[in-house]
Amino acid sequence: SQQGEEDPQALSIQEGENATMNCSYKTSINNLQWYRQNSGRGLVHLILIRSNEREKHSGRLRVTLDTSKKSSSLLITASRAADTASYFCARRETGANNLFFGTGTRLTVIP
Amino acid sequence: EAQVTQNPRYLITVTGKKLTVTCSQNMNHEYMSWYRQDPGLGLRQIYYSMNVEVTDKGDVPEGYKVSRKEKRNFPLILESPSPNQTSLYFCASSLTSGGGTQYFGPGTRLLVL
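Respectively, the protein sequence lines represent chains A and B.
Every position in the first sequence, counted from 1, becomes a number in my numbering once 4 is added.
Every position in the second sequence, counted from 1, becomes a number in my numbering once 2 is added.
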């Protein structure tokens, strides 16, 4: 299976600004998830969006999914220094029982 | 507290010396998985288990073994480690299938000399 592509690979913003990360894939999916990883630590689940959903919100997080373009985006509004981390998208391909992870976006929020 | 634990957290070993990394979850999850994380390559799945005594290969299984004798435990075995297995390893679990939300352990950083 091919990994998803995340864009950008790295992103640096000022505290208070919004951060947008994108994820593209090539297959049909059942759901797409976003995870966060603080440096060298385990991944933490942020949000799951199903293939029949277009947008989901969780606190300052907003995820969109466009299955026609095979892409998803994660928006973090009003960023904080504590949001500094790597963010990964992971997709459940149709018919699969596993998640396939992208290579991640490294976000740095400057205080 | 619901969690996935891994041991050891850090390990330095030499080529060829068999080692085992343990993974345990206390959430009664059916699905468990091992990943390795390398710079620029993201997370790649090594092996997964859908339930007790049911295991299957992921994307990069060569050089690894697993077993699932109990629901809570899913050890990763490196029979003859090589330097290219130097990596950061994560165990994860999920309630049913692996396509749902996964809960990750804290990671095991392995260096093979």
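Positions of the beta carbon are idealized from the N, C-alpha and C atoms, including for glycine.
Within 10 angstroms of its Cβ, does V48 (chain A) collect 16 or more other Cβ (buried), or is it exposed?
-> exposed
Between which two residues does the beta strand (DSSP E) carrying F92 (chain A) extend?
-> A89 to E97
Pair every Cβ in the segment 64 to 84 of chain B with every Cβ in the segment 80 to 90 of chain A, then say whether three or more of these pairs are closer than 8 Å.
-> no
Backbone secondary structure at N26 (chain A) - three-state DSSP | In the structure shown, N26 (chain A) sits in a strand (DSSP, three-state: E or B).
Spatial neighbours of G100 (chain B) in its chain, beta-carbon cut-off 7 Å, leaving aside the 5 residues before and after = Y33, S35 and Y50
Alpha carbon to alpha carbon, how far is T98 (chain B) from R46 (chain B)?
-> 20 Å
In whole angstroms, what is the alpha-carbon distance linking S75 (chain A) and E19 (chain A)?
-> The straight-line gap from Cα to Cα measures roughly 26 Å.
C-beta neighbour in chain A for Y37 (chain B), strict 9 Å = yes
Interface residues of chain A facing Y50 (chain B) [CB-CB closer than 7 Å] = N102
In chain order, what residues of the same chain have a beta carbon less than 6 Å from the beta carbon of S5 (chain A), not counting five sequence neighbours either side?
-> With a pLDDT of 45 at S5 (chain A), under the threshold of 50, the modelled position of this residue cannot be trusted, and the question is left open.
Closer than 7 Å by C-beta to M52 (chain B): which residues in its own chain qualify, once you throw out the five before and the five after it? Chain order, please.
-> E32 and Y33
Within its chain, find whatever has a CB closer than 7 Å to the CB of P63 (chain B); leave out the 5 residues flanking it on each side and keep chain order.
-> I48 and Y49
Cα-Cα separation between R45 (chain A) and D11 (chain A), rounded to whole angstroms | 22 Å
Determine the burial state of Y1 (chain B): buried for a count of at least 16 other Cβ atoms within 10 Å of its Cβ, exposed for fewer.
-> Given a span of 3 to 115 for chain B in the structure shown, any question on residue 1 (chain B) remains unanswerable.
According to the Cβ coordinates, are Q27 (chain B) and R70 (chain B) closer than 9 Å?
-> no
Contained beta strand (DSSP E) runs [length at least 3] in the segment 17 to 80 of chain A, N- to C-terminal order = 23 to 28, 33 to 41, 47 to 54, 59 to 62, 65 to 70 and 75 to 80
Under 9 Å (Cβ pairs) to chain B, residues found in the segment 31 to 51 of chain A | N34, N35, Q37, Y39, Q41, G44, R45, G46, L47, V48 and H49
In three-state terms, what does DSSP make of Q87 (chain B)?
-> In the structure shown, Q87 (chain B) falls within a helical segment according to DSSP collapsed to helix, strand and coil.
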